[in-house]
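Anchor point for the sequence shown: position 208 equals 215 in the working numbering, and the numbering is continuous, going up by one each time. Even glycine gets a Cβ: it sits at the ideal position worked out from N, Cα and C. Just so you know, these numbers come straight off a predicted model, no measurement behind them.
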Amino acid sequence: MARRGKKKGRPISGWLVLDKPVGMGSTEAVSKIKWLFQAEKAGHAGTLDPLASGMLPIPLGEATKTVPYVQDGAKVYRFTVAWGEERSTDDLEGPVSKSSDQRPAEADVLLLMPKYTGVIMQTPPQFSAIKIAGERAYDLARDGATVDIPAREVEIGRLDLIEHNADRTIFEVECGKGTYVRSLARDMGRDLGCFGHIAELRRIEVEPFTQEDFVTIAELETARFGEQGDERSDSADTVPVDFDAIDALLVDTSA
Numbered sequence: 008m009a010r011r012g013k014k015k016g017r018p019i020s021g022w023l024v025l026d027k028p029v030g031m032g033s034t035e036a037v038s039k040i041k042w043l044f045q046a047e048k049a050g051h052a053g054t055l056d057p058l059a060s061g062m063l064p065i066p067l068g069e070a071t072k073t074v075p076y077v078q079d080g081a082k083v084y085r086f087t088v089a090w091g092e093e094r095s096t097d098d099l100e101g102p103v104s105k106s107s108d109q110r111p112a113e114a115d116v117l118l119l120m121p122k123y124t125g126v127i128m129q130t131p132p133q134f135s136a137i138k139i140a141g142e143r144a145y146d147l148a149r150d151g152a153t154v155d156i157p158a159r160e161v162e163i164g165r166l167d168l169i170e171h172n173a174d175r176t177i178f179e180v181e182c183g184k185g186t187y188v189r190s191l192a193r194d195m196g197r198d199l200g201c202f203g204h205i206a207e208l209r210r211i212e213v214e215p216f217t218q219e220d221f222v223t224i225a226e227l228e229t230a231r232f233g234e235q236g237d238e239r240s241d242s243a244d245t246v247p248v249d250f251d252a253i254d255a256l257l258v259d260t261s262a
C-alpha cells in the first residue's frame with residue numbers, strides 16, 4: 008500500500024501582525040498561526056521573548072522573502088524598569104545577582120537619558136542569542152559560564168520617560184536592529200547606582216506596521232472557527248473549510 012503523503016498547506020501569502028501574549032514563545036506563535044491559516048510556509052521578523060508581549064510580524068508564503076526588510080526597520084517598545092535589583096537575565100526570569108536600597112529620583116533618570124540616545128555602544132545580555140565561538144550565549148550562561156560578549160554599536164532614535172515612581176519607571180524607546188532593551192535597563196540601573204531589570208516589556212511597533220494592524224490569537228480563532236474557539240483536536244477535521252474571514256486579517260501591503 009502506498010504511503011499517504013504529508014498534507015500540504017495552502018499557498019497563502021501575506022503578513023499577519025500578531026499581538027503576542029506574555030508566556031508564548033515566538034516559535035510557538037508561528038506554529039499556531041501557520042496551523043490556523045493552514046499555510047504552506049510561515050516565519051517571523053524579530054524574536055520576542057516569552058515574557059514580552061506585543062508586535063510579532065509573521066509572514067506567510069511569499070512574504071517570507073521580505074523578512075530582512077522588516078527586520079532592519081525601526082522598532083518601538085514600551086517597558087518598565089524595576090529599580091533596586093539586577094538579575095542574571097536582566098528581566099524577571101532570572102535570580103537576583105545584585106541589589107541596592109537606593110532609588111533614583113525622576114530628575115536623575117531624566118539627566119541620564121541623553122546618554123542612551125543616538126548611536127551608543129551596548130553589551131548584549133548574558134542570556135541572549137548572540138553566538139560566541141559557535142554557541143548561543145544563553146546556552147553557555149545556562150551551563151554556568153560567564154560569557155565575555157563584546158559591546159556593539161546600536162542606534163536609539165528616541166527614549167522617553169512615560170511615568171516614574173520610587174520603585175519603577177516606564178519608558179518608551181524607538182531603536183534600530185540589534186538593540187537589547189534588557190541591556191538598557193541593566194546599564195541605566197548601574198549608572199544610577201541602584202541597579203535595575205525589565206519588569207514589563209511590550210513591543211508596540213515594527214516598521215512599517217503599526218498598532219492598528221494588531222490581531223490577537225482570540226480574533227484569529229474566532230475568524231477560523233466562529234465561536235467554537237481553538238479546535239486543535241481531531242474534531243477540527245469536521246469544521247467547514249472557509250478561510251475568507253481569517254485571510255481578511257492579513258495586512259494589505261498593496262498600497
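For E228, the enclosing alpha helix (DSSP H) starts and ends at 224-232. Under the three-state reduction of DSSP, V74 is assigned to helix. Boundaries cannot be given for E100, as no alpha helix (DSSP H) includes it and DSSP labels it neither H nor E. In the DSSP annotation of this structure, the continuous segment of the beta strand (DSSP E) that includes I127 starts and ends at 125-129. Going by C-alpha positions, Q78 is about 12 Å away from L55. Secondary structure remark: continuous beta strand (DSSP E) runs of at least 3 residues inside the region 18-77, in chain order: 21-27, 60-67.
By DSSP's assignment, D167 forms a beta bridge with E179. In this chain, E207 is not harboured by any alpha helix (DSSP H); it is covered by the beta strand (DSSP E) spanning 203-213. Setting aside the 5 residues that flank it on each side, T124 is surrounded in the same chain by I163, R165, L166, each with a C-beta closer than 7 Å to its C-beta; the list follows chain order. For R94, there is no enclosing alpha helix (DSSP H); the residue is found in the beta strand (DSSP E) stretching over 92-94. When the five nearest sequence neighbours on each side are left out, the beta carbons in the same chain lying within less than 6 Å of the beta carbon of R231 are those of L43, I253, in order along the chain.
Beta bridge pairing from DSSP links K82 with C182, V213. For S107, there is no enclosing alpha helix (DSSP H), as DSSP marks it with neither H nor E.
A straight-line Cα-Cα distance of about 8 Å links P75 and A52.
Taking the CA atoms as reference points, A59 sits about 11 Å from I211. Fewer than three pairs of CB atoms, one per stretch, sit closer than 8 Å, so the region 186-197 makes no contact with the region 66-75. From the listed residues T217, V258, L227, the smallest Cα separation to G80 is found for T217. According to DSSP, R159 shares a beta bridge with Q129. Here DSSP, grouped into helix, strand and coil, assigns A89 to strand.
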